[in-house]
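Asker: Following the working numbering, the numbering of the sequence shown begins with 2 at its first residue and continues without gaps. Idealized CB from N, CA, C, for every residue including glycine.
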Amino acid sequence: MGWPLLTEAFGGQAVTVVAMGVLCLVSAGQFVVRGALIGMDRLGRHAAIMVLDSGLRVALAALVATLIVDPGSLPSPGRSSPRSGWRTPRSCSRC
């Protein structure tokens with residue numbers, strides 16, 4: 002139901018919407034595992050999971066960046082794109 006709004010918000014890039022959904026699901030499981038490891042005083046394993054998680058996030062972000070067809074579809078900072086759901090507020094007098 003929210004697919005049209007999400008794809009518009011991410012500049013029409015379906016791969017970015019899917020990546021965000023996967024990130025939310027995986028993060029939920031990781032929070033439970035990390036909490037259990039800390040609670041059982043297994044900080045070495047917790048640290049290993051944190052390092053592995055960081056590496057995977059960087060690698061998958063690079064993969065998503067290569068899969069985006071039109072890199073210019075996301076607006077640059079301070080500007081809004083008519084194709085995306087991003088809007089820049091114009092109420093700041095110093096902007």
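Starting from M41, trace the alpha helix (DSSP H) both ways and give me its first and last residue.
Answerer: Where M41 is concerned, there is no enclosing alpha helix (DSSP H), because DSSP gives it neither an H nor an E.
Asker: Out of curiosity, what's the CA-to-CA distance linking L6 and Q14?
Answerer: Each residue's alpha carbon lies about 11 Å from the other.
Asker: With DSSP as the reference, label F11 as helix, strand or coil.
Answerer: coil
Asker: Among A66, R58 and L68, which has the Cα closest to the Cα of C25?
Answerer: R58
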